[in-house]
């Protein structure tokens, strides 16, 4: 397993160096952004005959209607993946202030540009992390396991935005000197089922809740983001699994804990295509108290979006280590197809093949080695 992790680490480093050293080819995507923004302004903001220019993700606009709030337009465009900056040409009229009232004839046009802020998160959960909160369902085939072989897995969860205030005070995001902040709530249930059992027994359920602060900064070097969380997890065995396997009280672990963690990520180039992240965590309130507290993780994600396509390949590697298991690396690899607009990262649907080798992420079996391959479905708002 160590050799396998070494190979994946070497591959990750090679891709990192290649992505960092290769010259950026932003022009084709700039053309896509230009057309996308022109259509968006015309049909969503009701702004026709706008001059749109995009260079390396920096958008320049000229010719906005007199009663249009530049702040609203800027917010809307920054929600598009790949937009690095927004400027307005001299042809633009001054912004409407809170005291200025549009003429009755222009009232419809003045309110047409209002929109609901997209659900895109400042810090996106890791695709290959078995414990990222999301809706999912899948099948796992366990290798060399004397308890389980064919396993069904489901999760119900999401990351929700609680505070999302923009610097101008009219939106839902909090921005300070080009640093965006958000307060998030995460909740999820992760369950596995024995598909070889008579009644497809529920084996284990992990309950997860977290309060998180996320951050994002867009630069010419790419997008930098981070999430810090305080979380709780508790794990429980299924009743039928306990009865059919005659598991006594002495064989069960009342696993629960609280913890703190911090994860930082970098998306170079146009803001997507490659993503690298690393982080660590500390557990407290541990039951059993013998649990060691420290953990660390690294990972990489790759997307191959095509212009104007809503279907494209994705792949990800996630490696996590825990002090309690001697910092042995737990390897998770996924690859498959993602369905969504590549410019607006909203409602991501994925069909993925997966491979895992390490200590089990399922709470009651945390100290047992596990290897599996699987096929699954992920849905993320």
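Residue numbers (our numbering): 715 to 1095.
Ideal Cβ placement from N, Cα and C applies to all residues, glycine included.
Nothing here was measured: the structure is a model prediction, and the numbers come from that model.
Counting pairs of Cβ atoms below 8 Å between the segment 906-914 and the segment 924-937, do you hit three or more?
no
Indicate the three-state DSSP secondary structure (helix, strand or coil) for residue 1039 in the structure shown.
Position 325 of the chain shown, counted from the first residue, corresponds to residue 1039. Helix.
Going by the beta-carbon positions, is the gap between residue 1140 and residue 871 smaller than 8 Å?
Residue 1140 cannot be examined here, being either before or after the span of the chain that is shown, 715 to 1095.
Identify whether residue 1091 lies in helix, strand or coil by the three-state DSSP scheme.
Counted from its first residue, the chain shown places residue 1091 at position 377. In the structure shown, residue 1091 sits in a strand (DSSP, three-state: E or B).
Could you tell me the alpha carbon to alpha carbon distance between residue 918 and residue 867, rounded to whole angstroms?
In the chain shown, residue 918 corresponds to position 204, counting from 1. In the chain shown, residue 867 corresponds to position 153, counting from 1. About 10 Å.
Coil, strand or helix - residue 897 by DSSP
Position 183 of the chain shown, counting from 1, holds the residue named residue 897. Reduced to three states, the DSSP call for residue 897 is strand.
Opposite residue 975 in the DSSP bridges: which residues?
Along the chain shown, read from residue 1 onward, the residue named residue 975 stands at position 261. Its beta-bridge partners are 943, 995.
Close-in-space but distant-in-sequence residues of the same chain around residue 766 (CB under 8 Å, 5 per side omitted)
Walking along the chain shown from the start, residue 766 turns up at place 52. Within the same chain, residue 766 has close Cβ partners 748, 751, 752, 755, 773, 774, 775.
Residue span of the beta strand (DSSP E) that contains residue 1069, given as start and end
Position 355 of the chain shown, counted from the start, is the residue given in the question as residue 1069. Run containing residue 1069: 1062-1073, per the beta strand (DSSP E) assignment.
Locate the beta strand (DSSP E) running through residue 876, then write down its first and last residues.
For the purposes of this step, residue 876 is identified with residue 162 of the chain shown, where counting begins at 1. Counting along the chain, the beta strand (DSSP E) containing residue 876 begins and ends at 864-877.
With distances taken between CB atoms, is the gap from residue 1052 to residue 1017 smaller than 8 Å?
Position 338 of the chain shown holds residue 1052. Position 303 of the chain shown holds residue 1017. If you check the CB distance, residue 1052 and residue 1017 come in under 8 Å.
Which residue marks the beginning of the beta strand (DSSP E) containing residue 692, and which one marks its end?
Outside the shown range of the chain, which is 715 to 1095, sits residue 692, and nothing can be said about it.
Would the segment 989-998 count as touching the segment 843-860 if we require 3 or more Cβ pairs under 8 Å?
no
Here's the rule: buried if 16 or more other CB atoms are within 10 angstroms of the residue's CB, otherwise exposed. What is residue 757?
Working through the chain shown from its first residue, we reach residue 757 at position 43. With fewer than 16 other Cβ atoms within 10 Å, it is exposed.
Among residues of its own chain, excluding the 5 on either side of residue 1086, which ones have a beta-carbon nearer than 7 Å to its beta-carbon?
Here residue 1086 refers to the residue found at position 372 of the chain shown. Around residue 1086: 854, 855, 856, 857, 1070.
Please return the same chain residues whose Cβ sits closer than 6 Å to the Cβ of residue 1045, not counting the five positions on each side in sequence.
What you label residue 1045 is simply residue 331 of the chain shown in a count that begins at 1. Excluding residues within five positions, the ones whose Cβ falls inside 6 Å are 719, 1033, 1071, 1072.
Could you compute how far the alpha carbon of residue 795 sits from the alpha carbon of residue 1089?
Translated into positions along the chain shown, residue 795 becomes position 81. Translated into positions along the chain shown, residue 1089 becomes position 375. Approximately 28 Å between the Cα atoms of the pair.
Under three-state DSSP, which class holds residue 981?
Counting from one through the chain shown, the residue named residue 981 turns up at place 267. In the structure shown, residue 981 sits in a strand (DSSP, three-state: E or B).
When the Cα atoms are used, what is the spatial distance from residue 1068 to residue 801?
Along the chain shown, one-based indexing puts residue 1068 at 354. Along the chain shown, one-based indexing puts residue 801 at 87. Taking the straight line joining both Cα atoms gives about 43 Å.
Relative to the C-alpha of residue 1082, which residue among 790, 792, 862 is closest?
Here the question's residue 1082 lines up with position 368 in the chain shown. For the residues 790, 792, 862, the minimum Cα distance to residue 1082 belongs to 862.
Inter-residue Cα distance where the pair is residue 1079 and residue 1002:
As a position in the chain shown, residue 1079 is number 365, starting the count at 1. As a position in the chain shown, residue 1002 is number 288, starting the count at 1. Using only the alpha carbons, I get a separation of about 13 Å.
If you measure between the beta carbons of residue 907 and residue 865, is that distance less than 8 Å?
Start at 1 with the first residue of the chain shown, and residue 907 comes out as number 193. Start at 1 with the first residue of the chain shown, and residue 865 comes out as number 151. Yes, they are a contact pair.
Report the option in 838, 1077, 1039 whose CA atom is closest to the CA atom of residue 1101.
Because the chain here runs from 715 to 1095, residue 1101 falls outside it and cannot be looked at.
Going by Cα to Cα distance, which pick from 1075, 1004, 927, 839 is closest to residue 989?
For the purposes of this step, residue 989 is taken as residue 275 along the chain shown, with counting starting at 1. Of 1075, 1004, 927, 839, the residue nearest in Cα terms is 839.
Reduced DSSP secondary structure (H/G/I, E/B, other) of residue 909:
For this step, residue 909 is matched to residue 195 along the chain shown. Three-state result, residue 909: coil.
Would residue 1028 and residue 1000 be called neighbours here (beta carbons separated by less than 8 Å)?
Within the chain shown, numbered from 1, the residue matching residue 1028 stands at position 314. Within the chain shown, numbered from 1, the residue matching residue 1000 stands at position 286. In this structure, residue 1000 does not lie closer than 8 Å to residue 1028 by Cβ.
Boundaries of the alpha helix (DSSP H) in which residue 779 is found, first to last residue
Counting from one through the chain shown, the residue named residue 779 turns up at place 65. No alpha helix (DSSP H) holds residue 779; DSSP gives it neither H nor E.
When burial is assigned at 16 or more other CB atoms within 10 Å of the CB, is residue 1013 buried or exposed?
On the chain shown, position 299 is the one that residue 1013 refers to. With 16 or more other Cβ atoms within 10 Å, it is buried.
Whether residue 869 touches residue 902 by CB criterion (8 Å):
Locating residue 869 in the chain shown gives position 155, counting from the first residue. Locating residue 902 in the chain shown gives position 188, counting from the first residue. It is a contact, given that the beta carbons lie within the stated cut-off.
For a test of your reading of the model: does the CB of residue 1000 fall under 7 Å from any non-hydrogen atom of the ligand PLP? Yes or no.
The ligand PLP is not part of the structure shown, which contains no ligands of any sort.
Counting only beta-carbon separations shorter than 8 Å, does residue 1092 have a partner in chain B?
Judged by its chain identifiers, the structure shown contains no chain B, having just a single protein chain.
Assign residue 827 to one of two classes, buried (16 or more other C-beta atoms within 10 Å of its C-beta) or exposed (fewer than that).
Working through the chain shown from its first residue, we reach residue 827 at position 113. Caution applies to residue 827, whose pLDDT of 40 falls short of 50 and renders its modelled position unreliable; the model cannot decide the point.
Quick check on DSSP: helix, strand or coil for residue 754?
Within the chain shown, residue 754 is the residue found at index 40, counting from 1. Residue state, collapsed to three classes: helix.
Should residue 845 and residue 1093 be called a contact, given that it needs their Cβ atoms to be closer than 8 Å?
Mapped onto the chain shown, residue 845 falls at position 131. Mapped onto the chain shown, residue 1093 falls at position 379. Contact: no.
Shortest alpha-carbon distance to residue 926 belongs to which of 900, 893, 1007, 1042?
As a first step, residue 926 must be located in the chain shown, where it is residue number 212. Restricting attention to 900, 893, 1007, 1042, the CA atom closest to the CA of residue 926 is found in 900.
Express the C-alpha separation of residue 967 and residue 1015 in angstroms, rounding to a whole number.
Position 301 of the chain shown, counted from the first residue, corresponds to residue 1015. Position 253 of the chain shown, counted from the first residue, corresponds to residue 967. Residue 1015 and residue 967 have their C-alpha atoms some 34 Å from each other.
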